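See structure below.
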Amino acid sequence: MPSFGRKSKDHLATCHPDLRSLLETAIVFVDFSVIEGHRPRERQQDLFRRGLTQKDGVSRLSAHQSYPSKAADILPYPSTIHGVSAWDDPVRFSHVIGIIKGISCSMGIEIRCGMDWDGDTSTENHAFVDFPHIELL
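Numbering that gives the first Met the number 0 puts the first residue of the sequence shown at 0, with every later residue one more than the last.
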């Protein structure tokens, strides 16, 4: 049975209790790492400068910036299979996110995911797709 390692637990500890509960339930069914929870302003601004987020951390705050964080970034585990990085594998992200979304519905926890911001099951209508991102609504 999958379980979180120390780094994932540390990131998860910075998250809202509902998000923690959801991800702690999901890890029993699918293996993934939590790669970020709470994000300080400086980190948010750095990611914005690098084009990895659309929120600048000042005039537009990320859900990661609240404390406890209302967002988490996840990465399917293991991070590489057959030489293909999980970062480059939308099918693996879809699998993990689909399980997490199903569990969130059963728990009554409303979320949205960066791979499908509006929840219409399509990534084609989004200018910015953020596969690792999960946030509470």
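Beta carbons: idealized from backbone N, C-alpha and C, even for Gly.
Just so you know, these numbers come straight off a predicted model, no measurement behind them.
Element boundaries [alpha helix (DSSP H), containing residue i]
i    : result
P75  : Premise fails: P75 lies in the beta strand (DSSP E), A70 to P75, not in any alpha helix (DSSP H).
L46  : R40 to R48
S105 : P89 to M106
Residue j beta carbon less than 8 Å from that of residue i
i    : j   : result
I96  : F28 : no
S61  : Q43 : yes
L135 : L46 : no
A85  : S78 : yes
P75  : F3  : no
S103 : L11 : no
R40  : G56 : yes
Limits of the unbroken beta strand (DSSP E) element including residue i
i   : result
C14 : First-last for C14: undefined, no H or E at that position.
F31 : F31 to E35
Helix, strand or coil at residue i [DSSP, three-state]
i    : result
D117 : coil
V27  : coil
S7   : helix
H125 : coil
Q53  : coil
Per DSSP, cross-strand counterpart(s) of residue i
i    : result
L22  : Partner(s): none; L22 has no beta bridge.
R111 : E134
V83  : I80
8 Å contact criterion, which residue i and residue j should meet: CB distance rounded
i    : j    : result
H37  : P67  : 7 Å
F130 : M114 : 5 Å
F127 : Q53  : 5 Å
I73  : V33  : 6 Å
C14  : A71  : 5 Å
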